[in-house]
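S.K.: Chains D and H, in that order, are what the protein sequence lines are. For what it's worth, our numbering labels the leading residue of the first sequence as 257, then goes sequentially. For what it's worth, our numbering labels the leading residue of the second sequence as 1081, then goes sequentially. For each residue, glycine too, the CB sits at the ideal point set by N, CA and C. Take a look at the following structure, please.
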Amino acid sequence: MTPRRSRVVVLLLVCALASACATTSGLKRVALAAEGIAQGLETLQLTADALEASGSITKAQRDALSPYIIQLAQADKALALAVVSNDAGTVRGQIVAMLGVLDQAVATTKAWTPETRAKIALALEVVRATLLVVSVGVTS
Amino acid sequence: MTAAEIQIAVQAASYLFSLAAQHADAQTAAELREISARAVAITDRVIAREQARTKG
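Set out below in structure tokens:
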């Protein structure tokens, strides 16, 4: 095979590989985001527990966060499973739903002291940022 | 380059594309399952802890 012919084959192969990679990298990005969100939720949970243990928030205030943490974790689980089954509709739906639940969770901390809110806000914003990053190109 | 040679090159590239795509799909599917399993394990832990707290 002449160098010119080799170049044609290599060029076609590179195009093929680039095409194959382009179709799969998006899913991996969402899967990694789902894992990152899960870690963020665990951080949120442990932060809330620590705030309660230190007396920064009451048991009632901690309890008020509980349904949102469960909803977010369930939605993230559905998101992670949807990635494996390549269910784009569920991925989009769960991301939108989680952003809504996150807003509700933030709203429950409105009555907290500014110092305490700042501590939980960090954990909440990590989850929100991960959702927003992954939503680019997914929810459109 | 003759038309026949181009045809052979295209067929070879097509075959290689198929192989590459199959390999990438298999590798990515395994990776996705692994990452997803890790995410699910964490979310299950979070939910279980939260439910235990509510019951307790």
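Run down chain D in chain order and give the residues with a C-beta less than 8 Å from the C-beta of threonine 1123 of chain H.
M.R.: Numbered from its first residue, the second sequence carries residue 1123 of chain H at position 43. What threonine 1123 of chain H touches in chain D: Ala294, Leu297, Ala329, Gln330, Asp332, Lys333 and Ala336.
S.K.: Valine 352 of chain D to alanine 363 of chain D, Cα distance in whole Å?
M.R.: As a working note, residue 352 of chain D is residue 96 in the first sequence. As a working note, residue 363 of chain D is residue 107 in the first sequence. Roughly 17 Å separates the two Cα atoms.
S.K.: For glycine 311 of chain D, does the three-state DSSP call read helix, strand or coil?
M.R.: For the purposes of this step, residue 311 of chain D is taken as residue 55 along the first sequence, with counting starting at 1. Residue state, collapsed to three classes: coil.
S.K.: Between the C-alpha atoms of glutamate 371 of chain D and threonine 365 of chain D, what's the straight-line distance to the nearest angstrom?
M.R.: Residue 371 of chain D sits at position 115 when you count from the first residue of the first sequence. Residue 365 of chain D sits at position 109 when you count from the first residue of the first sequence. Their Cα atoms are separated by approximately 11 Å.
S.K.: Curious, which full-length alpha helix (DSSP H) runs of at least 4 residues does the region 296-358 of chain D contain?
M.R.: Listed in chain order, the complete alpha helix (DSSP H) runs (minimum 4 residues) inside the region 296-358 of chain D are 315-340.
S.K.: Using the rule of at least 16 other Cβ atoms within 10 Å of the residue's Cβ for burial, across every protein chain shown, is aspartate 1105 of chain H buried or exposed?
M.R.: Translated into the one-based positions of the second sequence, residue 1105 of chain H becomes position 25. Exposed.
S.K.: Just the Cα atoms here: how many angstroms apart are leucine 273 of chain D and lysine 284 of chain D?
M.R.: Residue numbering aside, residue 273 of chain D sits at position 17 when the first sequence is read from its first letter. Residue numbering aside, residue 284 of chain D sits at position 28 when the first sequence is read from its first letter. With a pLDDT of 45 at leucine 273 of chain D, under the threshold of 50, the modelled position of that residue is not reliable, and no figure is offered here.
S.K.: The alpha helix (DSSP H) spanning threonine 386 of chain D covers which residue range?
M.R.: Reading the first sequence from its first residue, position 130 is the one you call residue 386 of chain D. Per DSSP, threonine 386 of chain D belongs to the alpha helix (DSSP H) from 370-391.
S.K.: Name the residue from D:Thr386, D:Leu355, D:Gln330 and D:Leu321 whose alpha carbon lies nearest to the alpha carbon of arginine 373 of chain D.
M.R.: Position 117 of the first sequence, counted from the first residue, corresponds to residue 373 of chain D. Comparing Cα-Cα distances from arginine 373 of chain D to each of D:Thr386, D:Leu355, D:Gln330 and D:Leu321, the minimum goes to D:Leu321.
S.K.: Can you find at least 3 beta carbon pairs, one from the region 343-352 of chain D and one from the region 316-334 of chain D, that sit closer than 8 Å?
M.R.: With the cut-off at 8 Å, the region 343-352 of chain D and the region 316-334 of chain D touch.
S.K.: Do you know whose CA, among D:Gly292, D:Val390 and D:Gly296, lies nearest leucine 378 of chain D's CA?
M.R.: Translated into positions along the first sequence, residue 378 of chain D becomes position 122. For leucine 378 of chain D, the nearest C-alpha among the options comes from D:Gly296.
S.K.: Closer than 8 Å, CB to CB, is leucine 388 of chain D near chain H or not?
M.R.: On the first sequence, position 132 is the one that residue 388 of chain D refers to. Leucine 388 of chain D does not count as touching chain H.
S.K.: Hey, is isoleucine 325 of chain D's beta-carbon within less than 8 Å of any beta-carbon in chain H?
M.R.: As a first step, residue 325 of chain D must be located in the first sequence, where it is residue number 69. Output row for isoleucine 325 of chain D: interface = yes.
S.K.: So, with DSSP's three-state summary, where would you put alanine 367 of chain D?
M.R.: Taking the first sequence and counting its residues from 1, the one referred to as residue 367 of chain D is at position 111. Here alanine 367 of chain D sits in coil by DSSP.
S.K.: Does DSSP put lysine 1135 of chain H in a helix, in a strand, or in coil?
M.R.: Taking the first residue of the second sequence as 1, we reach residue 1135 of chain H at position 55. Looking at lysine 1135 of chain H - three-state DSSP - the assignment turns out to be helix.
S.K.: Per DSSP, what kind of secondary structure is valine 1082 of chain H in: helix, strand or coil?
M.R.: Residue 1082 of chain H sits at position 2 when you count from the first residue of the second sequence. The question names valine, but residue 1082 of chain H is threonine in the sequence shown. Coil, per DSSP.
S.K.: Of all Cβ atoms in chain H, is any one closer than 8 Å to the Cβ of alanine 276 of chain D?
M.R.: In the first sequence, residue 276 of chain D corresponds to position 20, counting from 1. Only weak support is given to the placement of alanine 276 of chain D: the predicted model assigns it a pLDDT of 48, under 50, and the question is left unresolved by the model.
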